[in-house]
Amino acid sequence: MVEEEKRYLFFRRPGVEITFDKKEGKLTGIRYNGDNMLHLREGWSLNTFRFINNDVRKWQDTQTEVISFDWKWSEDNQSAIVTIQLQETVGDVKVPYTLIYRLYGNGEIDVDASFTTNDDFNLPRLSLQAFFNPSLEQLEWYGRGPIENYRDRKNAAYVGKYQSAVNDMKESYARSQTMGGRCDTRWLTLTNKAGKGIKITAADTFDFSALHYTDKDLFEIKYGHALPDIYRAEVVLNLDCIQRGLGNASCGPGPRPAYEIQKNTVYKYAFRMSPFSK
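Using our numbering, the letters of the sequence shown map in sequence onto residues 30 to 307.
Take a look at the structure:
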């Protein structure tokens, strides 16, 4: 059921194969009946970047250090538990975080994530980002919508069940910026034309964006009309643990304290990934 090699860890059951890269400290494969949900081995990794027009436009390179990679078998519920401790360095800011994966024989994966901020923390976002198979273009979610919304900009976005093509989640902004946020999400699905794919369910709620661009892609162009130039076939999915509010000032003051990410705090969230078919 669990096979460990020098670099990789494999969890296999009939119709299910889940792969981790121990060196990179990353989930790199989710195969359901032979179909890989992930694109180019790009499972969950920390994303702390977000920029809007009234943010300072500055890109900071990041470096990820794998502190430890451990796994064990749980006889109680016939599952494997993978615990990965990492540290992300963004400029002068260090963000320790832990990802705990519990893998079940039916293909379900429970993810528990925790992030620690310190005195130097000044980043706008604590999010997990993964790249999903280009075929998973159909998006459905139960949360706030249908319009873009954020922690301090969501009163006009009502909780409900919504559907969209991923390509239609982009915004037509004159100046390129982070886009596509949806708040207070209970679950979402990404499926192909046959209605098969993956479902992500929150233990509580999460915020997300699903686009064909990374935040760095959007940062590297100036105007929205250049979006076709940076289009990616894969689905770039961000699940936010917390994101700084947008605020209401064009420059100067930040958002209200209630919408800031606090220093010296541990932030946690949890979600489940599972095979899905309509």
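Even for Gly, the Cβ is constructed at its ideal location relative to N, Cα and C.
TODO: Give every residue of the same chain whose Cβ lies closer than 6 Å to the Cβ of F98, excluding the five residues on either side of it in the sequence, and list them in chain order.
DONE: For F98, where only same-chain residues beyond five positions count, the Cβ hits under 6 Å are K51, G54, I113.
Open item on the list: My output table needs one value for D17: the three-state DSSP class, helix, strand or coil.
Closed with: In the structure displayed, the chain extends from 30 to 307; residue 17 sits before or after that span and is not available.
- [ ] Could you tell me the boundaries of the alpha helix (DSSP H) in which D246 lies?
- [x] Its alpha helix (DSSP H) spans residues 244–248.
TODO: Output yes or no for whether 8 Å exceeds the beta carbon distance between Y296 and L155.
DONE: Their beta carbons are under 8 Å apart, which means Y296 touches L155 by this criterion.
Open item on the list: With DSSP as the reference, identify every bridge partner of W100, one or two as the case may be.
Closed with: W100 pairs with V111.
- [ ] Taking 8 Å as the cut-off, decide whether the C-beta atoms of G63 and I47 are in contact.
- [x] Here G63 is not near I47, since their CB atoms are 8 Å or more apart.
Open item on the list: Quick check on the burial criterion: 16 or more other C-beta atoms within 10 angstroms. Buried or exposed for D105?
Closed with: So D105 counts as exposed.
Open item on the list: On the CB-based measure, 16 or more other CB atoms within 10 Å of its CB, does G189 come out buried or exposed?
Closed with: G189 should be labelled exposed.
TODO: Give every residue of the same chain whose Cβ lies closer than 6 Å to the Cβ of D149, excluding the five residues on either side of it in the sequence, and list them in chain order.
DONE: Counting only Cβ-Cβ distances below 6 Å, and skipping sequence neighbours, we find V122.
Open item on the list: Taking the alpha carbon of L247 as the reference point, which residue from V45, E200, V119, A287 has its own alpha carbon closest?
Closed with: Of the candidates V45, E200, V119, A287, E200 places its Cα closest to the Cα of L247.
Task: Which of helix, strand or coil DSSP assigns to D213 - done: In this structure, D213 counts as strand in the three-state DSSP scheme.
Task: Beta carbon of E249 nearer than 8 Å to that of H68 - done: One thing to note: E249 has its Cβ no nearer than 8 Å to the Cβ of H68.
TODO: Compare the beta carbon distance of R79 and Q291 with 8 Å and say whether it is the shorter of the two.
DONE: No, the pair does not count as a contact, with Cβ atoms beyond the cut-off.
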